[in-house]
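Undergrad:
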Amino acid sequence: MLIELKGIHKTYDNGQPLHVLKGIDLGIDKGEFVSIMGASGSGKSTLLNILGILDNYDEGEYHIDGKLIKNLSEKEAAHYRNQMIGFVFQSFNLINFKTAIENVELPLFYQGVNRKERHDLAMHYLERFGLADWALHYPNEMSGGQKQRVAIARALITQPRILLADEPTGALDSKTSVEVMDLLTQLNREEKVTIIVVTHESGVANCTDKIIHIKDGIIGETTLNTEHHASVFGSNTIMK
Amino acid sequence: MKFDLDSYKEISDSLMRNKRRSFLTGFGIFWGLFMLLFLIGGGNGLKELLSKNFSGFATNTIIMGSSETGKPYKGFKEGRYWNLEYTDVERLKHLFPELAIVTPQIAQWGVVAVNEGFSVNCHVSGLNADYQYVEIPAIKYGRYLNQVDLQQKRKVCVIGKKIYQALFPQGGDPCGQYICVGSVYYQVIGVNYGTSNININGNSEEDITVPITVLKDILNYGDVVGMICVVGKNGVKMSEMAPRIRQAIYRAHTIAPDDEEAMFLLNMEPIFKIVDNLFKGVNFLIWLVGIGTLLAGAIGVSNIMMVVVKERTIEIGIRRAIGATPFDILFQIVMEGIVLTLVAGLSAIVFSVFMLNGLEVIAHHETAFQINFGTAMAAFFLLTLLGILAGIAPAYRAMHIKPVDAMRDE
Numbered sequence: 087m088l089i090e091l092k093g094i095h096k097t098y099d100n101g102q103p104l105h106v107l108k109g110i111d112l113g114i115d116k117g118e119f120v121s122i123m124g125a126s127g128s129g130k131s132t133l134l135n136i137l138g139i140l141d142n143y144d145e146g147e148y149h150i151d152g153k154l155i156k157n158l159s160e161k162e163a164a165h166y167r168n169q170m171i172g173f174v175f176q177s178f179n180l181i182n183f184k185t186a187i188e189n190v191e192l193p194l195f196y197q198g199v200n201r202k203e204r205h206d207l208a209m210h211y212l213e214r215f216g217l218a219d220w221a222l223h224y225p226n227e228m229s230g231g232q233k234q235r236v237a238i239a240r241a242l243i244t245q246p247r248i249l250l251a252d253e254p255t256g257a258l259d260s261k262t263s264v265e266v267m268d269l270l271t272q273l274n275r276e277e278k279v280t281i282i283v284v285t286h287e288s289g290v291a292n293c294t295d296k297i298i299h300i301k302d303g304i305i306g307e308t309t310l311n312t313e314h315h316a317s318v319f320g321s322n323t324i325m326k
Numbered sequence: 026m027k028f029d030l031d032s033y034k035e036i037s038d039s040l041m042r043n044k045r046r047s048f049l050t051g052f053g054i055f056w057g058l059f060m061l062l063f064l065i066g067g068g069n070g071l072k073e074l075l076s077k078n079f080s081g082f083a084t085n086t087i088i089m090g091s092s093e094t095g096k097p098y099k100g101f102k103e104g105r106y107w108n109l110e111y112t113d114v115e116r117l118k119h120l121f122p123e124l125a126i127v128t129p130q131i132a133q134w135g136v137v138a139v140n141e142g143f144s145v146n147c148h149v150s151g152l153n154a155d156y157q158y159v160e161i162p163a164i165k166y167g168r169y170l171n172q173v174d175l176q177q178k179r180k181v182c183v184i185g186k187k188i189y190q191a192l193f194p195q196g197g198d199p200c201g202q203y204i205c206v207g208s209v210y211y212q213v214i215g216v217n218y219g220t221s222n223i224n225i226n227g228n229s230e231e232d233i234t235v236p237i238t239v240l241k242d243i244l245n246y247g248d249v250v251g252m253i254c255v256v257g258k259n260g261v262k263m264s265e266m267a268p269r270i271r272q273a274i275y276r277a278h279t280i281a282p283d284d285e286e287a288m289f290l291l292n293m294e295p296i297f298k299i300v301d302n303l304f305k306g307v308n309f310l311i312w313l314v315g316i317g318t319l320l321a322g323a324i325g326v327s328n329i330m331m332v333v334v335k336e337r338t339i340e341i342g343i344r345r346a347i348g349a350t351p352f353d354i355l356f357q358i359v360m361e362g363i364v365l366t367l368v369a370g371l372s373a374i375v376f377s378v379f380m381l382n383g384l385e386v387i388a389h390h391e392t393a394f395q396i397n398f399g400t401a402m403a404a405f406f407l408l409t410l411l412g413i414l415a416g417i418a419p420a421y422r423a424m425h426i427k428p429v430d431a432m433r434d435e
């Protein structure tokens, strides 16, 4: 198991204690393409934060590749995030005053990779995603789909163990959404990247091989979706 | 830490992203440091301007001259006239080995000096050669009086700056030429550019100095001396010497020991002290105002950066999410503060040096307003320190931004 969660509990304590995760047990293997689905308030964002080492949990154990991720210092957490996890966000979260290539380089900058090496590598990733011509453009000069592809390039450049995508199509139209999901699928198939997509959109979840439903802080049913006919884009979706 | 080019690019990028804000913030520092340096330079210039009045004058000098007695003593009535004499000079030299110089002088007032149709009002001082240790002359041409001039009673003179300019408007070295002072011709042997206003016989710029032995004979003064100047050796307290000197003179001239009026005695030491204290006060004020303004500027920088950090929460969150450690963020924000203060501060140093130079041009380079290199370097280090201090509070805040904040703020 690449990812192993055992009895994860998380309570937010903002005046009134809010028990968000009530014992999550979850295992994800290397090379899987998984989606976590749930309505808002179900705890899926909290789960994502814990999976991404962005937040701590109160009880249980979380292993990545056998390493226990618990009570890390900020510095260690930053280090693990940088080495093991690539993030793709709903609103792209590119840095606006940096060009596409500078955005892609950034994780390597924090790894201390030298200038030329990271520049070459970033260019290589941009080329792969068909963005070579856009390397020197700023995010606000690009379309949503291009921005998300830059974000995916940034997430992959450190060759992370896991790619975490939080509503990766949330800010895109359905055509671009399909393109982005196809790209993720292709990455999973061809390069065996482990991908976890958090979404409340069934169309997105349909692209993945396994759908994990989360409801009220516990894992509900887990559906295998290798046939990809759970719910097609554009039909019977929750939001779109 | 990663000291590569991009570290600096990050900093310049984020400062340039909002030019007007960076400029206004930097201006606080700029103005603060400019005020500090400009005030320091101006204060120094002012001090120099004032101390020109004393320049070249030995600080441990006492000047004395005779006056009417104020008390009856040993059969003499009060209101008696008496005079200092050459024997008093010898007496003081003999009695007080603590004195380095004892020199007499006599003066002639309201004299007209003439040279080839040019004339000027002046006063004539008859001096000994050793008077040059009381008031150091700034010899522009030629030389000062010497012992031989006095012994041979040569009719030679050293003329002050204004006399020289009035009598020799064409400039050049006037030495060897003769000028008519009153009714006597003197050969010019030197030009004194000294500017001291303490000169006992008035402004040294309007003075013609001749050997005392010559003037004494011309004016028929006999043994009478106008004034006596004494200079103490190094470390001798003149305020302690003054009463002893007074008593020695009084004894010789049969004057009541408690008679304060019979002789005026001017001790220069306290006067110099007053001026010194005045400038200590002025300097203190300058530093108070300057540092205050500078601090206000630094607080401004800190304040603005606080806002900037708040504004950049998402950006910082993203950086944290993709692997920046809290220290990376701290370093970046502190560096931004330092760079902003340094750029603003260095331009302030350059600008104030430029402005002080302007002041010097206005003052015809006669007064030095310029700050020295050490002051500039001290200002530079002060700035760096202020930059770090200004950056610390905002950086601390930035450091505690969690990566999840980036997503929360969507």
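Protein chains in written order, with this note's numbering: chain A, 87 to 326; chain B, 26 to 435. Positions of the beta carbon are idealized from the N, C-alpha and C atoms, including for glycine.
#1: Residues in the region 323 to 351 of chain B with C-beta within 9 Å of chain A's C-beta atoms, listed in sequence order?
#2: Would you list the residues sitting across from A:S131 in a DSSP beta bridge?
#3: Using a Cβ distance threshold of 8 Å, determine whether the region 197 to 214 of chain A contacts the region 251 to 259 of chain A, with at least three qualifying pairs required.
#4: Rounded to whole angstroms, what is the Cα-Cα separation between B:L291 and B:G201?
#5: Report back the beta-carbon spacing between B:I363 and B:I413 to the nearest angstrom; my notes put them in contact at under 8 Å.
#6: How about A:A231 and A:T262: do their beta carbons lie closer than 8 Å?
#7: When the Cα atoms are used, what is the spatial distance from B:V149 to B:G260?
#8: Tell me the rounded alpha-carbon separation between B:Y203 and B:Q212.
#9: I need the straight-line Cα distance from B:F289 to B:K96, nearest angstrom please.
#10: Starting from A:N100, find everything on chain B with Cβ-Cβ shorter than 7 Å and list it in chain order.
#11: In whole angstroms, give me the CA-to-CA distance for B:D434 and B:L313.
#12: Short of 6 Å in beta carbon distance, which residues of its chain neighbour B:A83, apart from the five on each side in sequence? Order them along the chain.
#13: Find out if the Cβ-Cβ distance for the pair B:R42, A:F119 is shorter than 8 Å.
#14: Using the Cβ count rule (16 or more neighbours within 10 Å means buried), how would you classify A:E276?
#15: Thinking C-beta only, is B:G51 closer than 8 Å to B:L365?
#16: How would you list, in chain order, the residues of chain A whose beta-carbon sits under 8 Å from the beta-carbon of B:D38?
#17: Would you mind working out which of B:S92, B:I358, B:K262 and B:P419 sits nearest B:D284, comparing C-alpha positions?
#18: DSSP on A:G306, reduced to helix/strand/coil?
#19: Classify A:S159 as helix, strand or coil using the three-state DSSP reduction.
#20: In the structure shown, what three-state DSSP assignment does B:E435 receive?
#21: Any C-beta of chain B sitting closer than 8 Å to the C-beta of A:F173?
#22: Is it buried or exposed, A:M325, if we count other Cβ atoms within 10 angstroms and call 16 or more buried?
#23: Measuring only between beta-carbons, confirm whether B:F379 sits less than 8 Å from chain A.
#24: With 7 Å as the limit, tell me which residues of the region 118 to 140 of chain A have their beta carbon closer than that to any beta carbon of chain B; keep them in chain order.
#25: Secondary structure at B:N153, three-state DSSP: helix, strand or coil?
#26: Throw me the rounded Cβ distance for the B:N183 and B:I214 pair, which I believe falls under 8 Å.
#27: Threshold first: 4 residues or longer. Then list the alpha helix (DSSP H) segments lying entirely within the region 218 to 299 of chain A, N to C.
#28: Which class does A:N100 belong to by DSSP, given the choice of helix, strand or coil?
#29: Measure the alpha-carbon distance for B:D187 versus B:Y275 and round it to whole angstroms.
#30: Decide if B:M60 is buried, meaning its Cβ has at least 16 other Cβ atoms within 10 Å, or exposed.
#31: CB A:G305 to CB A:I110, shorter than 8 Å?
#32: What first and last residue would you give for the beta strand (DSSP E) that runs through A:L342?
#33: So which residues on chain A does B:D353 lean against when the C-beta distance must stay under 7 Å?
#34: For B:P419, which residues in chain A fall below 7 Å Cβ to Cβ?
#35: Give the straight-line distance between the Cα atoms of B:I237 and B:I126, rounded to the nearest whole angstrom.
#36: Taking only three categories from DSSP, how would you classify B:V378?
TA: Let me lay it out:
#1: I339, E340, G342, I343, R344, R345, A346, I347, G348, A349, T350 and P351
#2: Answer by DSSP bridge pairing: none, since A:S131 is not bridged.
#3: no
#4: 37 Å
#5: The pair is a contact, with the Cβ atoms about 6 Å apart (cut-off 8 Å).
#6: With the sequence shown as reference, residue 231 of chain A is identified as Gly, and Ala is not the correct amino acid for it. Contact check for A:G231 against A:T262 passes: the beta carbons are separated by less than 8 Å.
#7: 33 Å
#8: 4 Å
#9: When rounded, the distance between both Cα atoms is 15 Å.
#10: None at all; the shortest Cβ gap to chain B is about 12 Å.
#11: Unreliable placement is indicated for B:D434, whose pLDDT of 48 sits below 50; the coordinate value is still reported in the next sentence. Computed Cα separation, rounded: 44 Å.
#12: If we look at B:A83 and ignore the five residues flanking it on each side, its Cβ neighbours are V159 and V256.
#13: no
#14: exposed
#15: yes
#16: F183 and K184
#17: B:S92
#18: strand
#19: coil
#20: Residue placement at B:E435 cannot be trusted, given a pLDDT of 46 that sits under 50; the coordinates are not used to answer.
#21: yes
#22: Residue placement at A:M325 is poorly supported in this model, since its pLDDT is 44, which falls under 50; the coordinates are not used for a value here.
#23: no
#24: N135 and L140
#25: coil
#26: For the sequence presented, residue 183 of chain B should be read as Val rather than Asn. That belief holds up - the Cβ atoms of B:V183 and B:I214 are roughly 6 Å apart, short of 8 Å.
#27: 230 to 242, 260 to 277 and 288 to 292
#28: Strand.
#29: Going by the sequence as given, residue 187 of chain B is Lys instead of Asp. Cα-Cα distance, rounded: 39 Å.
#30: buried
#31: Per the sequence shown, the amino acid found at residue 305 of chain A is Ile instead of Gly. The answer is yes: Cβ separation under 8 Å.
#32: Residue 342 of chain A is absent from the structure shown; chain A starts at 87 and stops at 326.
#33: Y196
#34: Under the 7 Å cutoff, chain A gives no residues; its nearest Cβ is about 18 Å from B:P419.
#35: 16 Å
#36: helix
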